[in-house]
Amino acid sequence: MPPVPEPAVSLIVPAYDEASRLADGYARLAPTLERLGSALEVVIVDDGSHDDTADEARRVYGALGPRVVRHPRNRGKGAAVATGIRHATGARLLVVDADMAIDPEHYPSLLAGLDEADVVPGSRADDGHIRYTSRARTWAGRGFNLLVRHYTGVRLADTQCGAKALRGGAGHLLALLATIDGFAYDAEYLHLAQRLGMRVEPRRVSWRDVGGSTVRLSRAPLDMLGDLRRIQRTAYALPAVTIPAGRPAGDLAPVAVAAGAPGAVVARGVNHDLLVVARDQVDALPALARDLAGESGVATLDQLAQRDYVPL
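Numbering (the working numbering), first residue to last: 77 to 388.
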């Protein structure tokens, strides 16, 4: 049998209690599927739903052979996105909402933007503002954007768009670094990308304000404000091993897996590389340092900035 081609694009869909909206979302996606390529990988993360989201995802997306991952309890959209990225193997990642409220006809454009940029978020902003059908949600969105600017320094008019494309290495590193499990995860990813010197290039998208969102205006703003404030206080760093530059990723990956660090990322540099692992994989560092003739420690954002990132 011929080898199965590596996916060029991984479509990542976080989903929480989305059983009733998956079919309509897929119907909006279907006309664009051919333009996403034949080697498309679909990763759907059921974030501890109370309904039959996982079973419905397998039924609706069955023709695409989806990988459905389930959290045993609800952890938040940011946690679901990070899980989806860890399970994705595509060279380019496309994170989208289950309802496909962002018109999927824009997905190929977002992915094409990765020819020049590391992160390409969709932008729903028109004249610098997003206008929802609900006036309360419109003003809540504007207020949140002002808070994002204040606490993170990210100046984009739309940080919360439900569709964004990321280069594989950049996405995997951001998922390792991120600490926010909830809805403010987008702002943290963009903040980290900015501090790492990644190129972020938004692209305009059209959208529909689909009902049934799991964001609740009664509680979400307080949770999101707390998360934004925590970004300023977080000293972002990851367990890391400094290794000689240029080791092939194909040689490093089995060593990382054997040491108990699947999902590691190599940050390529001129004089040396940094192999970084998840925070809960710190116990893998001694074996990695021994087997790769490296030195264990931590990697800060300054040390990780302006490198090429390769997921293992």
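Glycine included, each C-beta is placed from N, C-alpha and C at the ideal position.
Cβ neighbour criterion (16 or more within 10 Å) applied to residue i
i, result
"residue 239", "buried"
"residue 126", "exposed"
"residue 356", "exposed"
"residue 308", "exposed"
"residue 234", "buried"
"residue 228", "buried"
"residue 387", "buried"
"residue 83", "buried"
"residue 366", "exposed"
"residue 96", "exposed"
"residue 347", "exposed"
"residue 262", "buried"
"residue 294", "Confidence in residue 294 is poor, its pLDDT being 48 and thus under 50, which makes the residue's placement unreliable; the coordinate value appears in the next sentence. Result: exposed."
Rounded distance between the beta-carbons of residue j and residue i, thought under 8 Å
i, j, result
"residue 312", "residue 253", "5 Å"
"residue 171", "residue 277", "About 16 Å separates the two Cβ atoms, so there is no contact after all."
"residue 300", "residue 260", "4 Å"
"residue 190", "residue 279", "Contact doesn't hold; Cβ gap of about 11 Å is too wide."
"residue 26", "residue 89", "The question about residue 26 has no answer here: the residues shown for the chain are numbered 77 through 388."
"residue 361", "residue 315", "6 Å"
Residue i: first and last residue of the uninterrupted beta strand (DSSP E) it sits in
i, result
"residue 353", "Element bounds for residue 353: n/a, residue is neither H nor E."
"residue 343", "341-344"
"residue 385", "384-387"
Residue(s) in a DSSP beta bridge with residue i
i, result
"residue 373", "316"
"residue 240", "171, 197"
"residue 123", "147"
"residue 116", "85"
Residue i: CB within 7 Å of a non-hydrogen atom of the ligand ADP
i, result
"residue 85", "Inclusion of the ligand ADP in the displayed structure is not the case, the ligand content being empty and no account of it being possible."
Interface flag, residue i vs chain D, CB-CB below 8 Å
i, result
"residue 342", "This model lacks chain D altogether; it includes just one protein chain."
Residue span of the alpha helix (DSSP H) that contains residue i, given as start and end
i, result
"residue 302", "296-309"
"residue 137", "That residue, residue 137, is in no alpha helix (DSSP H); it is neither H nor E in DSSP."
"residue 158", "153-163"
Using 8 Å as the cut-off, can you tell me whether the stretch 197-206 makes contact with the stretch 150-158, which would need three or more C-beta pairs spanning the two stretches below that distance?
With the cut-off at 8 Å, the stretch 197-206 and the stretch 150-158 do not touch.
With three or more C-beta pairs closer than 8 Å as the rule, is the stretch 267-275 touching the stretch 161-178?
The stretch 161-178, when compared against the stretch 267-275, does not touch it at the 8 Å Cβ threshold.
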